[in-house]
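Numbering (UniProt numbering), first residue to last: 1 to 336.
Where a beta carbon is used, it is the ideal one built from N, C-alpha and C, also for glycine.
Nothing here was measured: the structure is a model prediction, and the numbers come from that model.
Written out below as structure tokens is the structure these notes cover.
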């Protein structure tokens, strides 16, 4: 058995689905766009890390091959690099940057941190040997060579980290696009479904309106046909059709009853007329018998009186039928 749904329920459900879907699209789009803005900041920080590795290596070479022993730029680059690594790995509540988003990026962070520990240790030794009063030329040359070698590895892994963050951001951007396309398609399908449902409701209402007009304009009310509505129609439509059919059934029953009663009355009247004729013939034959004549006259009076009563009943039933027809005609004129 198919479940019948009311018109109000259909409208409420369709409206709720449309509103919920639209709000979901808006909310998720806003959220993901905000995340993309944070991703751009993260990519910028990661890209700066790549630049800082080169800056530190250049400062080491510059200090080593010149008489300048100023470590300010080198220390500044080191501090900025360490801060950037910490933000990328653990996040920043002030800047609303979240910690490492994926397991693969976390593994790459571990690799970068391991390379950075060795790189940072060599830089610290470089500064220590450079400021030493003892001649450490051989150790400095070895450390500078190690820094040059490790800088390439660190730069490559930082570059890989930047690529992973970029790919992660692009995947989210693609997800946003896919989600928006899917949501748009869903909205379109839901809109089409809504139009079909509204069209179905309109057709059911139109069927009742057409039948009402046909009922009003009909001149013959002796046998009214009930309205036919599919079982899948809405609750309000079924209730309206049941009300109309109940009214039609009552009119048909009243008309059938009045016609049947009128027919039976006419048959009884006809039979009584035949009896009266028979009594008349018998009375003619028994004119000389006064007592018999008296009783027969009495019987004849009774029969005549009964006949008159039946005729009156027939007339009243005819008037009942006329009144029913006038009632229906009056209803039709009022609707017109």
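Nearest residue (CA-CA) to residue i, options the options
i, options, result
"residue 77", "96, 123 and 138", "123"
"residue 178", "140, 315, 25 and 155", "25"
"residue 36", "188, 89, 97 and 143", "97"
"residue 43", "58, 185 and 100", "100"
"residue 73", "67, 88 and 55", "55"
"residue 180", "17, 203, 33 and 132", "33"
"residue 81", "155, 187 and 192", "155"
"residue 19", "322, 209 and 190", "190"
"residue 169", "41, 121 and 199", "41"
"residue 130", "63, 263 and 199", "63"
"residue 29", "140, 173, 203 and 39", "173"
Neighbourhood of residue i by C-beta distance below 8 Å, restricted to the same chain and skipping five residues each side
i, result
"residue 157", "108, 111, 112 and 115"
"residue 166", "43"
"residue 291", "The predicted position of residue 291 is uncertain, since its pLDDT is 47 and thus under 50; no value can be drawn from it."
"residue 140", "64, 126, 129 and 130"
"residue 186", "21"
Cutoff 6 Å; reference residue i; Cβ partners in own chain excluding five residues on either side
i, result
"residue 197", "10"
"residue 153", "115"
"residue 39", "169"
"residue 136", "129"
Beta-carbon proximity list for residue i, same chain, < 7 Å, skipping 5 on both sides
i, result
"residue 183", "21 and 25"
"residue 162", "43, 46, 47 and 50"
"residue 1", "Unreliable placement is indicated for residue 1, whose pLDDT of 39 sits below 50; the coordinate value is still reported in the next sentence. So no residue of the chain qualifies."
"residue 106", "100"
"residue 159", "50"
"residue 102", "168"
Nearest-angstrom Cβ-Cβ length linking residue i and residue j, presumed shorter than 8 Å
i, j, result
"residue 164", "residue 104", "7 Å"
"residue 48", "residue 91", "Incorrect: roughly 17 Å between the Cβ atoms, too far for contact."
"residue 127", "residue 175", "Contact flag wrong, Cβ pair sits at about 46 Å."
"residue 23", "residue 194", "So it is not a contact: roughly 17 Å between Cβ atoms."
"residue 88", "residue 45", "6 Å"
Residue environment, residue i, which counts as buried when at least 16 other CB atoms sit within 10 Å
i, result
"residue 119", "buried"
"residue 150", "buried"
"residue 145", "exposed"
"residue 134", "exposed"
"residue 94", "exposed"
"residue 68", "exposed"
"residue 117", "exposed"
"residue 171", "exposed"
"residue 53", "buried"
"residue 143", "buried"
"residue 57", "buried"
"residue 59", "buried"
"residue 147", "buried"
Proximity test, residue i beta-carbon vs the ligand SAM heavy atom, cut-off 7 Å
i, result
"residue 93", "This structure lacks the ligand SAM, and indeed carries no ligand of any kind."
In chain order, which beta strand (DSSP E) runs of at least 3 residues are fully inside the stretch 25–60? none
Counting only runs that start and end within the stretch 144–178, where is the alpha helix (DSSP H) found for 4 or more residues in a row? none
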